[in-house]
Amino acid sequence: MSNVFPHLVPDRYRELLRVSRQWRLLKLLKWASFGHQQDSQKPGSLVLFCPTCPQPSINVYPDATDDLSNWKYNWMLIMDGNFKAEHLYDRQTDGQVCLMDGLGFMVHQSPYHEYLAATNHSLERSP
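Position in the sequence shown (from 1) plus 4 gives the number in the working numbering.
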């Protein structure tokens, strides 16, 4: 291969992205000790426990959260730094495979689709 005919070089970017996602998943499974245990994976089992987040009966006394004026025990769950979660809106939804179905912060695909089928969809207009 040379720079003489660059259009003859096959584009393998999609394959590289897929292999990199699979590699990250394998590293995560290995780090979480799930390398050889397929049946022991529970929903949310790959999520890290945050010892500083206030969690009643774990690191906060249950009666401490009764005072609603106390802002210290508020829980903030944020997907990204822009507070928009734009990464959830995929441009190409066909042909995608869910590698961590329910093992991280997102739920399994089947209960999610059941919930969507059972609820009333109302589209909101953007301002």
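The beta carbon of each residue, even a glycine, is placed where N, CA and C say it ideally should be.
Limits of the unbroken alpha helix (DSSP H) element including tyrosine 116: 113 to 122
Valine 23 - partner residues in DSSP beta bridges: DSSP output for valine 23 lists no bridge partner at all.
Length of the line joining the Cα atoms of glutamate 128 and leucine 120: Their Cα atoms are separated by approximately 16 Å.
Pairwise C-alpha distance: glycine 48 and leucine 21: 24 Å
CB contact flag (glycine 108, leucine 50, <8 Å): For glycine 108 and leucine 50, yes; Cβs fall inside 8 Å.
Rounded separation between asparagine 124 and glutamate 118 - CA only: 12 Å
Contacting residues, own chain, Cβ-Cβ under 6 Å from alanine 36 (five flanking each side not counted): Leu50
Under 8 Å between C-beta atoms of leucine 103 and arginine 16: no
Those residues which DSSP pairs with proline 60 across a bridge: Paired residues: Val64.
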